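**Q** Protein sequences, first through last, are from chains A, B, C and D. The letter at position 102 of the first sequence is residue 102 when you use UniProt numbering, and the numbering goes up by one with no holes. The letter at position 272 of the second sequence is residue 272 when you use UniProt numbering, and the numbering goes up by one with no holes. The letter at position 93 of the third sequence is residue 93 when you use UniProt numbering, and the numbering goes up by one with no holes. The letter at position 126 of the fourth sequence is residue 126 when you use UniProt numbering, and the numbering goes up by one with no holes.
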Amino acid sequence: MSTADIIARCEALYEDLDFTAARKWKEADPSRKVIAYMPVYVPREIIHAAGMLPLGIMGGGDGLEVIHGDAYYQSYICRIPRSTIELGLSKRMDFVDGMLFPSICDVIRNLSGMWKLLFPGKYVRYFDVPQNYRDDVGGSYYTNELNELREGLEHLSGRKITDDALRASIAVYNENRRLVQAVYGMRSREPWKVPSSEVYLLMRAGLVLPVEEHNQMLSEYLAAAENVKASKRDNCRVVINGSFCEQPPLNLIKSIELAGCYIVDDDYMIVHRWLRNPVSTGGDPMQNLSLAFLHESIATAAKYDDKEEDKGKYLLEQVRSNAAEGVIFAAPSFCDPALLERPMLADRCSEHNVPYISFKYAENSGQMQPIREQAGTFADSIKLWS
Amino acid sequence: MECFVGIDLGSTTTKAVVMDDKGQVLGRGITNSRSNYDTAARVSKLEAFIDARLSLIRRELEKVPAVAGRVDEILAGLTRNFRREQFVEQLGDLEQTCIANVEGPRFAGKEKVIVGALTEVFRRLREEEADKLFAPTAQRKSDFFRDLAGSRFMQIGEEVARDAGIPFDTLLHMYDKSIIEVENRPPSGDMNRKFRTAMERVRGEMSSALDTAALGAPIDAALDVDMVERYVVGTGYGRVRLPFPKEHIRSEILCHGLGAHLMYPKTRTVLDIGGQDTKGIQIDEKGIVVNFQMNDRCAAGTGRYLGYVADEMNMGLHELGPLAMKATKSIRINSTCTVFAGAELRDRLALGDKREDILAGLHRAIMLRAMSIISRSGGITDEFTFTGGVAKNEAAVKELRQLVKENYGEVKINIDPDSIYTGALGASEFARRAVVEA
Amino acid sequence: MSAATSPEVIKEPSMVKQKEMIAGNYDRLTGTKESGEKVVSTFVPGNLNELIMCFDMVNNLPETNAIQNGMRKVSGGMIMDAEKAGHSEDVCTYVKADIGMMGRGNIAPNGKPMPAPDMLLLSYTGCFTFMKWFELLRHEYKCPTVMLQIPYQGDGKITKNMRDFVVKQLKEEVIPMFEKVSGVKFDIDRLREYLKNSAKAEDNLVWVLESAKNRPSPIDAYFGGVYYIGPMFTAFRGTTDAVEYYDLVRKEIEQRIREGKGPITPEGDMKEEKYRLVVEGPPNWTSFREFWKLFYDEGAVVVASSYTKVGGLYDQGFRHDPNDPLGTLADYCLGCYTNNNLPQRVELLEKYMNDYQADGLLINSIKSCNSFSAGQLLMMREIEKRTGKPAAFIETDLVDPRYFSHANVKNRLESYFQMVDQKRSGASLAAA
Amino acid sequence: MTITAGIDIGTGAVKTVLFRVEGDKTEWLGKRNDRIRQRDPFKLAEEAYHALLEEAGLKASDVDYVATTGEGESLHFHTGHFYSMTTHARGAVYLNPEARAVLDIGALHGRAIRNDERGKVETYKMTSQCASGSGQFLENIARYLGIAQDEIGSLSNQADNPEVVSSICAVLAETDVINMVSRGITAPNILKGIHISMAGRLAKLLKSIGAREGVVLCTGGLALDEGLLNTLNESVKEQKMNVTAFNHPDSPFAGAIGAALWGAFRHEKLARLGGQQLAAAA
Ligand SMILES: Nc1ncnc2c1ncn2[C@@H]1O[C@H](COP(=O)(O)OP(=O)(O)O)[C@@H](O)[C@H]1O
Ligand SMILES: Nc1ncnc2c1ncn2[C@@H]1O[C@H](COP(=O)(O)OP(=O)(O)O)[C@@H](O)[C@H]1O
Ligand code: SF4
Ligand code: SF4
Ligand code: SF4
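1) Tell me the DSSP secondary structure of Trp133 (chain C) in three-state form.
2) Out of B:Gly204, B:Arg84, B:Leu242 and B:Arg196, state which residue places its alpha-carbon closest to the alpha-carbon of Leu223 (chain B).
3) Give the residues of chain B in contact with Asp70 (chain A), contact being defined as C-beta atoms less than 9 Å apart.
4) Can you tell me the Cα-Cα spacing of Asp24 (chain D) and Gly72 (chain D), whole angstroms?
5) Which residues in the same chain as Asp359 (chain C) place their Cβ atom closer than 6 Å to its Cβ, once the five residues preceding and following it in sequence are excluded?
6) Examine chain C for any beta-carbon lying closer than 8 Å to the beta-carbon of Ser44 (chain B), and answer yes or no.
7) Nearest-angstrom Cα distance between Lys15 (chain D) and Ile67 (chain C)?
8) Which value, in whole angstroms, describes the spacing of the CA atoms of Ala3 (chain C) and Gln181 (chain A)?
9) Going along chain E in order, which residues have a C-beta closer than 7 Å to the C-beta of Tyr37 (chain B)?
10) Do Glu252 (chain B) and Tyr237 (chain B) have their C-beta atoms within less than 8 Å of each other?
11) How about residue 440 (chain B): is its Cβ closer than 7 Å to a heavy atom in ligand 5?
12) Cβ of Cys92 (chain C) versus every heavy atom of ligand 3: is any distance shorter than 7 Å?
13) What is the rounded straight-line gap between the Cα of Leu136 (chain C) and the Cα of Ala82 (chain C)?
14) What residues in its chain sit with their C-beta under 6 Å from that of Thr265 (chain C), if we drop five residues either side in the sequence?
15) With burial defined as no fewer than 16 other Cβ atoms inside 10 Å of the residue's Cβ, what is the status of Met368 (chain A): buried or exposed?
16) Looking at the C-beta of Ile263 (chain A), does it have a partner C-beta in chain B at a distance below 8 Å?
17) Could you name the residues of the stretch 79–96 of chain D whose beta carbon sits closer than 7 Å to any beta carbon of chain A, in the order they occur along the chain?
18) Shorter than 8 Å from the beta carbon of Thr11 (chain D) to some beta carbon of chain B?
19) Between which two residues does the beta strand (DSSP E) harbouring Glu122 (chain D) extend?
20) Considering only the alpha carbon of each residue, which of B:Leu306, B:Met227 and B:Ser33 lies closest to Arg146 (chain B)?
21) Check each candidate in B:Asn36, B:Met174, B:Gly379 and B:Thr137 and name the one with the smallest Cα separation from Ala148 (chain D).
22) Any chance the CB of Ala300 (chain B) is under 7 Å from a heavy atom of ligand 5?
23) Count the other CB atoms within 10 Å of the CB of Gln293 (chain B); is the residue buried (16 or more) or exposed (fewer)?
24) Since Phe82 (chain B) is in the alpha helix (DSSP H), which residue starts that stretch and which ends it?
25) Mind listing, in chain order, the continuous alpha helix (DSSP H) runs of no fewer than 4 residues lying wholly within the stretch 273–360 of chain C?
26) Does the stretch 145–163 of chain B come close enough to the stretch 115–135 of chain B that 3 or more CB-CB pairs lie under 8 Å?
27) Counting only beta-carbon separations shorter than 8 Å, does Gln369 (chain A) have a partner in chain B?
28) Give the DSSP-derived three-state secondary structure of Thr20 (chain A) in the structure shown.
29) Return the chain-ordered ranges of every beta strand (DSSP E) run that is complete within the stretch 118–160 of chain A and spans a minimum of 3 residues.
Here it is, written out as structure tokens:
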């Protein structure tokens with residue numbers, strides 16, 4: 001398969017607002033269950049070990065006409081919750097058996113309660129995470145939370161989730177993490193071969209496909225991409241930060257590259273890259289997941305930085321290790337975590353002479369002109385003066 | 001006779017309805033709000049009384065056997081010719097105002113050429129356009145003098161300016177400067193005289209001769225009726241600017257609810273899209289508002305949006321709908337910021353999309369926003385009434401029907417040609433109840 | 001949450017007392033250089049005032065400062081300063097008002113500069129913005145910061161795991177940090193004493209809030225309510241001053257009930273009680289007086305509000321318990337209004353609608369505050385559905401004057417009141 | 001010697017310039033400013049370009065680099081494209097070598113750019129997606145009031161009691177203005193009020209890019225509005241910023257000039273690098 005074929009499949013999955021692939025998966029066996037989750041991070045291993053399909057929901061993008069969703073949100077709230085409500089009310093998610101709302105911001109948090117009110121009878125869980133990183137404090141709290149999730153899912157399926165199953169699932173996801181890193185690594189080395197829009201679509205596919213299938217897809221893509229003939233363009237290298245929840249429209253990602261910027265790292269769909277290293281497959285799996293969260297998580301605005309000097313460390317590391325020439329802070333409009341975090345990160349960039357720009361978007365932004373303008377000017381200035 | 005008046009001071013248009021003590025609508029009047037609010041209220045009221053007078057004439061004529069079967073024809077002719085009289089009169093006013101405005105250092109030395117050009121433009125307007133505009137079969141682009149005179153002024157002006165060797169911008173500027181003054185002057189003159197003059201022209205136009213004597217008496221009778229303005233209620237966006245005491249002012253939400261109820265008693269949901277607001281209203285079986293939602297602080301997706309688009313395309317508002325109806329597909333438009341409408345349109349044109357398809361997309365975008373507002377107010381319950389200026393736009397209506405069907409199934413949808421008067425109708429009924437039922 | 005600066009028409013003794021208390025705290029705050037006292041900044045929801053008192057530290061609440069600046073109409077400029085410095089237009093204006101205030105020398109209402117905090121107690125109750133807010137302050141002040149994470153009641157209940165987690169953080173993170181910064185050793189018996197005071201005052205606060213069940217209501221539980229909760233939610237819970245204040249208020253209101261009086265407004269006693277409302281959401285501070293006037297001019301009195309529960313849901317039975325000092329602090333934090341999930345919030349409002357015999361619900365949706373605002377439109381629907389009473393929705397902001405449109409709010413409220421009216425007299429009107 | 005053309009395709013007008021660059025010497029050969037008015041901007045650009053060449057006595061083949069800016073990315077005969085902020089900064093420094101910040105005030109957007117003495121963009125800020133307080137709005141109001149564009153400035157300068165527009169939305173603000181007319185507020189006071197709110201926004205942009213001192217050159221369509229310029233200077237003074245805003249009779253051409261000059265720069269750089277293909281830029 002060529003990269004084009006793989007990407008065509010991904011694009012179809014991406015545009016399918018009815019989640020046909022996930023529906024088919026479920027229909028294949030009546031005992032199957034689908035558990036949807038919102039950004040940013042959930043331990044998909046537990047869902048997988050329960051024999052269920054974790055389904056990532058990233059809002060409705062620019063392809064969904066939002067009618068009822070707007071009726072639930074004021075104009076000054078970001079887009080993703082309203083398009084998610086639209087997906088729910090328009091029955092596009094009727095096959096979903098449960099919904100996880102990770103702890104990320106007040107909007108998603110409150111959405112969990114709205115989901116309970118709107119869809120009584122469904123399994124709905126607000127999934128809190130520790131902001132305290134001591135094993136005996138935050139760690140034991142989180143292990144208990146994980147166990148509650150485990151029990152909830154057991155209850156839903158009527159089946160025990162064994163430790164062995166969990167260890168096996170952790171292994172599959174470790175493989176997924178490895179492949180995802182490989183794709184990111186390849187893009188960083190040869191961005192002209194691996195356009196960001198393709199990387200993006202590949203990752204989107206991972207939200208709706210069973211992980212085994214995604215692993216296969218990633219391997220095939222990596223092999224195919226080696227053979228791509230494309231020549232290097234006169235672009236600058238940038239890291240995108242702030243897009244961890246509501247996703248930009250695909251056109252925006254394309255526009256950034258068209259305007260002369262190679263994206264060499266980003267924080268789109270960070271559920272795939274949340275844990276930087278493999279999770280241990282021995283011992284107590286729940287504890288392993290908990291410890292991995294405490295000590296291996298990447299930094300993001302939805303997390304508390306224990307020490308002041310740690311703020312921005314991860315971003316600067318992304319810049320350094322990918323030889324990026326600048327940072328683009330691209331946050332969804334009205335996104336509290338991203339927008340409150342930005343001034344602190346921007347200060348860190350300035351302190352280290354990393355040029356940056358920032359803009360806001362919405363998942364359904366139609367006007368790319370201002371984006372091209374800004375990304376283009378950024379690229380121009382790096383290009384003309386390097 | 002005693003009359004009850006409701007005035008809806010909208011952001012774009014001001015509407016008035018005159019009602020009798022039985023709740024029968026006698027007349028409706030409309031004018032542009034883009035002028036002094038007091039004047040707008042006065043003008044719309046005057047127009048409504050003119051219309052009421054026509055109703056009285058109709059009532060009288062219907063008693064006359066000699067004109068049986070021809071009343072509609074006579075009234076249509078009478079209305080048209082009356083408007084023509086008004087048009088010519090206002091044109092004269094505009095001409096004088098324009099000429100008076102040619103002064104100051106900006107025009108030093110060029111006054112004569114400019115005045116000459118203006119005179120020529122107005123001569124052609126009067127001689128060629130008045131007849132064309134008010135010919136029995138003519139389709140007029142708008143009901144407002146500003147638009148009627150304006151669009152032709154632009155075309156004629158461009159030619160005349162070229163011939164006279166002066167910049168067209170100068171003439172355009174004279175027009176912009178003067179039209180606002182003219183609009184701020186309520187129509188003058190003796191209405192009855194205008195009716196009589198118009199009647200003369202009707203007689204001339206009618207295909208077969210009419211019994212002049214038979215017509216005289218009923219028309220005189222109708223013209224002699226003394227219409228007394230008993231109680232006025234104001235509503236609408238600009239209602240706080242009306243020089244009325246508080247008890248003469250009602251919220252436009254209530255007026256729209258009641259107005260829609262009077263037109264369609266089974267209505268439960270009302271959508272009103274006006275110049276800069278969109279309202280979703282739920283009413284009960286008595287026309288009482290039980291819930292409402294409206295946009296505020298952002299005019300995205302309101303009637304004005306279409307105005308910007310029409311300006312950008314150099315078209316009349318009346319023409320947008322028909323063009324959009326020719327679309328073969330609809331382009332998805334996500335931003336409904338009114339001010340960016342033009343930019344969006346240009347963007348899309350540059351991408352090679354067709355005008356009609358883009359327009360269809362723009363209409364859908366407005367209706368999507370309206371659907372959200374309705375949804376926020378509690379959804380659509382049978383029957384559903386669509387009111388406000390945008391209800392005149394067939395493409396908007398088409399999108400609405402489709403969206404209602406997709407989201408709420410089969411629902412009876414009411415749209416009245418006079419739906420723009422819904423708020424004023426409700427207000428006039430409040431006026432009537434204040435007296436008759438007090 | 002304190003008395004505004006322009007003169008009151010009528011000054012009840014409790015108002016005078018509250019003014020003195022607040023002025024005293026500001027004097028204490030701005031006098032730390034001389035007194036050598038240490039300052040801790042923290043938030044209203046999850047405010048651990050009793051604990052702070054155990055370490056002889058002074059409590060500074062940036063939210064309250066923002067409100068003060070809002071009421072004195074200086075917050076607008078501060079917010080713009082923060083925006084110019086790169087803070088987004090989209091985020092909470094309390095944060096920006098605070099940062100802007102810092103840029104202008106942190107001048108307290110008494111005209112003196114406030115000290116930089118010696119410690120930030122990031123009690124993260126009911127709102128994510130708190131976390132970023134104090135990260136931003138830490139970024140500026142580089143001072144010791146301790147996070148007290150309060151898990152959200154996602155399933156509408158407080159689990160043992162949550163409570164244990166909070167208590168553990170208190171023991172192992174918060175108290176040690178306090179000891180380190182203040183140099184004072186923690187004494188649990190001292191804490192018990194303060195908690196006793198709290199419980200006493202809390203009884204009276206609840207009595208005051210519930211007095212609105214009378215007809216006419218002797219208080220306005222929103223506009224007046226923010227004054228009544230002032231001492232309890234800020235730097236006074238646990239003090240004898242607060243105990244005295246609430247005694248005083250209670251007596252005054254008992255008197256009003258005996259006299260059959262309505263609430264006090266800035267223009268004297270409210271005349272006729274025409275509408276009884278329940279309000280959800282915080283008020284607008286920059287136009288507080290104008291906003292309130294829109295209500296009392298129409299004879300609308302607020303009989304219950306959720307905003308007066310952000311610093312504790314005392315009327316639902318919670319009391320600080322001296323017998324379980326750390327556990328009770330955990331319960332307190334876990335139970336604050338915005339830490340409740342949406343179904344709980346709906347139930348509470350429904351209960352208020354019924355218990356206080358309200359004519360309708362009004363939601364004042366605040367642009368800044370997603371914690372409150374996200375989901376309010378659904379809450380409105382639910383209440384309408386469950387109670388059959390009309391609800392209205394207005395949008396303003398806390399301390400950003402740009403988002404208070406008097407004309408808009410007035411239009412909405414007028415339509416709403418006329419709607420309630422028309423509904424009441426529906427039968428007679430529909431005759432035609 | 002390098003001959004370059006700069007073409008700035010805007011929303012309201014197409015600006016075209018021609019330059020000859022030799023080492024440090026730059027010579028401005030010609031300029032045109034064509035209002036678009038419902039015409040196809042790309043055709044207009046092509047016509048203008050050829051007309052300019054003719055005036056200058058040059059052939060298309062004499063031109064080494066045709067640089068576009070603004071919305072000209074897809075102009076078929078260009079050599080390379082530079083983004084507006086890049087070009088405005090360069091154009092501003094050409095027009096006023098003292099300029100260390102640029103305020104580009106167009107029909108729909110405002111942009112503030114901070115640059116160094118070579119015209120390199122250091123940082124920038126744009127107005128948001130919402131078109132409130134845009135030039136388009138001013139234009140609409142002026143038309144409504146019957147005021148020609150070149151009259152706005154002098155009228156605004158006559159204001160004695162300006163009335164500030166409170167609405168955030170440009171459309172709702174129009175109604176505010178109409179209200180003002182019916183309340184008898186004079187045109188100068190209305191215009192000045194609009195200038196004040198625009199200047200406030202622009203000053204905020206300037207402040208947020210950290211333009212604390214020196215010369216700010218206004219470019220773009222509204223740069224020549226003296227009323228706005230005066231108000232802007234009042235506004236920055238109020239904000240205690242030590243900057244002064246200027247315009248230049250050729251301010252509207254800044255983008256096109258910048259494009260032409262960067263084109264020359266790029267051409268020479270690429271020539272030095274040994275005839276590397278221009279494909280990347282085109
Ligand atoms: N004949 C028409 N065809 C299409 N649209 C129209 C027509 N007349 C008015 N409109 C639309 O209606 C809007 C004005 O509606 P209206 O109800 O009069 O508003 P308001 O009450 O705010 O003045 C205009 O902005 C325009 O978009
Ligand atoms: N002399 C002038 N005084 C005031 N405004 C002007 C003047 N000349 C042009 N404008 C305004 O400038 C705007 C267009 O600016 P421009 O920079 O050309 O925009 P764009 O680059 O987007 O086309 C229009 O709104 C127009 O009205
Ligand atoms: S986009 Fe930002 S504010 Fe919106 S839900 Fe996601 S994290 Fe929360
Ligand atoms: S978002 Fe709301 S709760 Fe949080 S700090 Fe701001 S106002 Fe307070
Ligand atoms: S300018 Fe556009 S986006 Fe902004 S408030 Fe007005 S209509 Fe809405």
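Just so it is clear, CB atoms sit at the ideal spot from N, CA and C, and this is done for glycine as well. Note that the structure is predicted; figures quoted are calculated from it, not measured.
**A** So, from the listed chains and residues:
1) Assignment of Trp133 (chain C) by DSSP, reduced to helix, strand and coil, places it in the helix class.
2) Of B:Gly204, B:Arg84, B:Leu242 and B:Arg196, the residue nearest in Cα terms is B:Arg196.
3) Residues of chain B passing the Cβ test: Leu368, Arg369, Met371, Ser372, Ile373, Ser375 and Arg376.
4) Going from the Cα of Asp24 (chain D) to the Cα of Gly72 (chain D) covers about 27 Å.
5) Sequence-distant partners of Asp359 (chain C) (beyond 5 residues in either direction) whose C-beta falls short of 6 Å from its own C-beta, in its chain, are Tyr275, Arg276 and Val420.
6) Ser44 (chain B) does not count as touching chain C.
7) Going by C-alpha positions, Lys15 (chain D) is about 51 Å away from Ile67 (chain C).
8) Only weak support exists for where Ala3 (chain C) lies, its pLDDT of 40 falling under 50; the coordinates are left without a value.
9) Looking at the structure shown, chain E is missing, and the protein chains on hand are A, B, C and D.
10) Less than 8 Å divides the Cβ of Glu252 (chain B) from the Cβ of Tyr237 (chain B).
11) Absent from the model: residue 440 (chain B). The displayed extent of chain B is 1 to 438, so no value can be given.
12) No.
13) Each residue's Cα considered, the two are about 12 Å apart.
14) Correct list, in chain order: Tyr296.
15) Flag for Met368 (chain A) reads buried.
16) False, the Cβ-Cβ gap to chain B never drops below 8 Å.
17) Against chain A - using a Cβ distance shorter than 7 Å - the residues of the stretch 79–96 of chain D are Phe82, Tyr83, Ser84, Met85 and Thr86.
18) Nearest CB-CB separation between Thr11 (chain D) and chain B: below the 8 Å threshold.
19) Start and end: Val121 to Met126.
20) If we check each option's Cα against that of Arg146 (chain B), B:Ser33 comes out closest.
21) Nearest C-alpha to Ala148 (chain D): B:Met174.
22) For ligand 5, at least one heavy atom lies less than 7 Å from the Cβ of Ala300 (chain B).
23) Buried.
24) Here the alpha helix (DSSP H) through Phe82 (chain B) covers Val71 to Asn101.
25) Runs found: 288–296, 325–335 and 342–355.
26) The answer is yes - the stretch 145–163 of chain B touches the stretch 115–135 of chain B, with three or more Cβ pairs under 8 Å.
27) So, interface residue.
28) In the structure shown, Thr20 (chain A) sits in a helix (DSSP, three-state: H, G or I).
29) Complete beta strand (DSSP E) runs here, min 3: 123–127.
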